[in-house]
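*Asks:* Provided herewith is a single structure, encoded as structure tokens, for subsequent inquiry.
There are 2 protein chains.
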Amino acid sequence: MTPGKSAEAARPARRRLSVDRRREELMAAALELFSKHDAEDVSIDDVASAAGASRALVYHYFGGKQELYVAALKSAAEQLESRLRPDQGGRPLDDLAAGLGRYFDFVEEHAAGFAALLRGGPANRAGEIGEIVDGVRQRLFRLIQKQMRVEHPSPVLRTTLRSWIASVETAGLDWLEHRDIERPVLEKMLVDHMIALLGVAAEYDGDVRSLFEGLAAEQFGG
Amino acid sequence: MTPGKSAEAARPARRRLSVDRRREELMAAALELFSKHDAEDVSIDDVASAAGASRALVYHYFGGKQELYVAALKSAAEQLESRLRPDQGGRPLDDLAAGLGRYFDFVEEHAAGFAALLRGGPANRAGEIGEIVDGVRQRLFRLIQKQMRVEHPSPVLRTTLRSWIASVETAGLDWLEHRDIERPVLEKMLVDHMIALLGVAAEYDGDVRSLFEGLAAEQFGG
């Protein structure tokens, strides 16, 4: 193979790479803006200028602002979800701690994506954006449910797990804002929160009581 | 005074009343829509038709969609905040329970307003909407801080209180969605959550330990 031929063969791959990279740069710039402002206050021009690109290029890649917003949130959600794969068969609270560590890896490495997702808010949302944001939360809920080996959560357990997820989200935002607690300390405290909340829920609900006793036996020896 | 004169004198007041009422009806219809859809997916026509009014009337009262959105959220926030006045000098956990009861009165009586506010999301928000939504949360934070007689919350206490507020918001939404836990039971459980979370925080932070011991002494006798 001559050097010339090799360069020619490599060109489409390089070009593909640079298209993907350009697209990612635009989405990163968009997430940065969407993490700080309401979607309606961000224009295509803002995104283009933040990414050092032309308005036409943004339209070329995404078609319009709504599509760019959806693509950017989707990419953040996928990156978070890819870290939330179930662990294989550890003790439930150890799996929870490991999962929380990966959640905070995302918070730290993709601060803008995390904040942009959470601008969605806890209220149920219709439409494409709502599906993306609720999707992450539901995946997290099901993952924890699986870690705890619960098939049909009772109302008290459902409320408790949803409340804990909300408190983790808020702790993540608070940490990004202040960074005045060491991450490992905060993560340990949030696992302790879960244990404490399940302890409270156990006083209100027989199903949670059995779950709580099972978790304690498995974790600390029966 | 003749009956005729009295009727004439009453007319401006009646008219005023009916203007206010019409405005409130439009805002109620708007909150209902904003509680279920993103602001960008709600049109002035949707609001007008939901309220049985003309598009022109909505413009007449509010000027435009953004103004209507801001006015509707502001009115929901004011109604919630008016219930969150500090109690005078009860024991902190009793005051917390009383405040939580009034919070859930709002959740129950103004479900649409509550959901519309929470679509705002936990992420810090720029702009007028962000100020309204963050304003409610900050007022709640300061109220709890006052109830607990804390002037400068430590990072651990700040995270704990913010997490608890987020979990209360989510529990409120979950309750509206399912209503399968009795409200008084849920409220009691959320107060128990706070006690449990402060108990965890006390293990991480000397300031919270003193606070926790003080609360316990005051509540249950030292």
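Chains A and B, in that order, give the protein sequences. When we follow this note's numbering, the leftmost residue of the first sequence carries the number 1, and every step to the right adds one. When we follow this note's numbering, the leftmost residue of the second sequence carries the number 1001, and every step to the right adds one. Beta carbons are placed, not taken as given, at the ideal position from N, Cα and C, and that holds for glycine.
Name, please, each residue of chain A whose Cβ falls closer than 7 Å to the Cβ of residue 1029 of chain B.
*Replies:* In chain order: nothing, as chain A lies at least about 17 Å away.
*Asks:* Taking only beta-carbon positions, decide if residue 1193 of chain B is within less than 7 Å of chain A.
*Replies:* yes
*Asks:* Between residue 186 of chain A and residue 171 of chain A, how many whole angstroms is the CB-CB distance? I'm expecting something under 8 Å.
*Replies:* 6 Å
*Asks:* Enumerated in chain order, which unbroken segments of the alpha helix (DSSP H) with a length of 4 residues or greater are wholly contained in the stretch 73 to 158 of chain A?
*Replies:* 92 to 109, 111 to 118, 127 to 147
*Asks:* Taking all protein chains shown into account, do 16 or more other C-beta atoms lie within 10 angstroms of the C-beta of residue 184 of chain A, making it buried, or fewer, making it exposed?
*Replies:* exposed
*Asks:* Output yes if chain A places a C-beta closer than 7 Å to the C-beta of residue 950 of chain B; else output no.
*Replies:* Nothing about residue 950 of chain B can be read from this structure; chain B reaches only from 1001 to 1222.
*Asks:* Within 7 Å of any Cβ in chain B, is that where the Cβ of residue 169 of chain A sits?
*Replies:* For residue 169 of chain A, the answer is yes, since a Cβ of chain B falls inside 7 Å of its Cβ.
*Asks:* DSSP three-state call for residue 203 of chain A: helix, strand or coil?
*Replies:* coil
*Asks:* Mind listing which residues of the stretch 77 to 93 of chain A have their C-beta closer than 9 Å to chain B's C-betas, in chain order?
*Replies:* The residues in question: there are none.
*Asks:* Who are the near neighbours of residue 54 of chain A in its chain, counting only those whose CB is closer than 7 Å to its CB and skipping five residues on each side?
*Replies:* 48
*Asks:* Within the continuous alpha helix (DSSP H) that includes residue 49 of chain A, where are the two ends?
*Replies:* 44 to 50
*Asks:* Determine which residues of the stretch 1116 to 1149 of chain B have a Cβ less than 9 Å from any Cβ of chain A, and write them out in chain order.
*Replies:* Cβ contacts with chain A come from 1116, 1117, 1118, 1119, 1120, 1121, 1122, 1123, 1124, 1125, 1126, 1127, 1129, 1130, 1133.
*Asks:* When the cut-off is 7 Å and only beta carbons count, does residue 1108 of chain B lie next to chain A?
*Replies:* Chain A, which has no Cβ nearer than 7 Å to the Cβ of residue 1108 of chain B, makes this no.
*Asks:* With a cut-off of 7 Å, does the C-beta of residue 1040 of chain B fall near any C-beta of chain A?
*Replies:* yes
*Asks:* Taking its Cβ as the centre, do 16 or more other Cβ atoms sit within 10 Å of residue 92 of chain A, making it buried, or is it exposed?
*Replies:* buried
*Asks:* Determine the extent of the alpha helix (DSSP H) in which residue 944 of chain B is found, giving its start and end residues.
*Replies:* The displayed coordinates of chain B run from 1001 to 1222. Any statement about residue 944 of chain B would go beyond what the structure contains.
*Asks:* Give a yes or no on whether the minimum CB-CB distance between residue 200 of chain A and chain B is below 7 Å.
*Replies:* yes
*Asks:* Would you say residue 68 of chain A reaches chain B, if we count a Cβ-Cβ gap shorter than 7 Å as a contact?
*Replies:* no
*Asks:* Would residue 110 of chain A be called buried (16 or more neighbouring beta carbons within 10 Å of its own) or exposed?
*Replies:* buried
*Asks:* Look up residue 1008 of chain B in the DSSP assignment and say whether it is helix, strand or coil.
*Replies:* Low confidence applies here, because residue 1008 of chain B scores a pLDDT of 49, under 50, leaving its location unreliable; read the following figure in that light. Three-state DSSP puts residue 1008 of chain B in a helix.
*Asks:* Please confirm whether residue 193 of chain A and residue 1200 of chain B have their CB atoms less than 7 Å apart.
*Replies:* yes
*Asks:* For residue 219 of chain A, collect the residues of the same chain with a Cβ closer than 7 Å to its Cβ; drop the 5 residues on either side in sequence, then sort them by chain order.
*Replies:* 91, 93
*Asks:* So, for residue 1046 of chain B: in the same chain, excluding its five sequence neighbours on each side, which residues have a beta-carbon less than 8 Å away from its beta-carbon?
*Replies:* 1033
*Asks:* Starting from residue 210 of chain A, find everything on chain B with Cβ-Cβ shorter than 9 Å and list it in chain order.
*Replies:* What residue 210 of chain A touches in chain B: nothing, since even the nearest Cβ is about 18 Å away.
*Asks:* Excluding the 5 residues preceding and the 5 following residue 1080 of chain B in the sequence, name in chain order all residues of the same chain whose CB lies nearer than 8 Å to its CB.
*Replies:* 1103, 1106, 1110, 1113, 1114, 1117, 1136
*Asks:* Can you give me the C-alpha to C-alpha distance between residue 178 of chain A and residue 1203 of chain B, rounded to a whole angstrom?
*Replies:* 21 Å
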